[in-house]
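Asks: Residue numbers (this note's numbering): 116 to 298. Beta carbons: idealized from backbone N, C-alpha and C, even for Gly. Quick one: this structure, given as structure tokens, is what I'll be asking you about.
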């Protein structure tokens with residue numbers, strides 16, 4: 116048994132089994148598994164269970180919206196010991212558009228990707244132009260397409276109609292332009 120002291124922490128190393136025990140007191144120990152790579156720990160200490168089993172990876176996570184379950188591959192700091200995960204803002208940003216797309220699908224609305232496709236490819240509008248024409252402001256379509264805000268149901272329905280009849284956009288543009296002239 117080899118004992119190393121790192122500041123206030125003690126590491127006991129069992130040379131035969133290549134296992135490590137980390138504790139703040141030499142008498143009270145908690146068993147921890149270390150995976151070492153070039154003398155660096157690749158796993159982190161889990162703040163929930165205290166085991167050194169937490170690492171950043173992607174796991175399927177079940178969400179529920181309006182009593183409907185759906186699964187998203189969620190990146191997070193996942194603990195192999197207790198199964199809990201810690202999702203930071205970076206991990207949340209990575210999947211927010213997927214979550215919003217599923218919520219939109221459940222609500223019968225256009226998904227963020229469908230909104231982007233209709234706006235850019237079918238209607239040939241910039242986000243700014245679409246925001247002025249359909250309302251919501253300059254940044255509205257950015258929020259809808261990033262999945263940061265759900266698209267309002269009337270706008271989703273209007274975009275669906277325009278997807279099927281893109282020539283009707285000119286009527287909306289003419290109506291918008293005539294209002295701009297009178298104001």
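#1: Quick check on the DSSP output: the beta strand (DSSP E) that includes residue 170 runs from which residue to which?
#2: Closest to residue 217 by CA distance: which of 235, 240, 190, 179 is it?
#3: Rounded to whole angstroms, what is the Cα-Cα separation between residue 247 and residue 172?
#4: Report buried or exposed for residue 227, applying the criterion of at least 16 other Cβ atoms within 10 angstroms of its Cβ.
#5: Let me know if residue 286 comes out buried or exposed under the rule of 16 or more other beta-carbons within 10 Å of its beta-carbon.
#6: Using a 10 Å radius around the Cβ and a threshold of 16 neighbouring Cβ atoms, would you call residue 266 buried or exposed?
#7: Looking only at its own chain, which residues have a Cβ that is under 7 angstroms from the Cβ of residue 281, when we skip the five neighbours before and after it?
#8: Quick check: the Cα distance between residue 167 and residue 201, rounded to an integer number of angstroms?
#9: Please report the distance separating the alpha-carbon of residue 191 from that of residue 206.
#10: Where does residue 206 sit, in a helix, a strand or coil, going by DSSP?
#11: DSSP state of residue 195, grouped into three classes?
#12: Considering just the uninterrupted stretch of the alpha helix (DSSP H) at residue 269, what are its terminal residues?
#13: Taking only heavy atoms of the ligand ATP into account, decide whether any of them is closer than 6 angstroms to the Cβ of residue 245.
Replies: Reading it off the structure:
#1: 169-180
#2: Relative to the Cα of residue 217, the nearest Cα in the group 235, 240, 190, 179 belongs to 179.
#3: 41 angstroms
#4: Classification of residue 227: buried, given that the 10 Å Cβ count is 16 or more.
#5: Taking every protein chain shown into account, the CB of residue 286 has fewer than 16 other CB atoms within 10 angstroms, so this residue is exposed.
#6: buried
#7: Cβ-Cβ distances below 7 angstroms link residue 281 to 237, 238 in the same chain, with the five nearest sequence neighbours on each side left out; the list follows chain order.
#8: Approximately 14 angstroms between the Cα atoms of the pair.
#9: 6 angstroms
#10: The three-state secondary structure of residue 206, taken from DSSP, is helix.
#11: coil
#12: That run of the alpha helix (DSSP H) goes 268-279.
#13: In the structure on display, the ligand ATP does not appear, and there are no ligands present to speak of.
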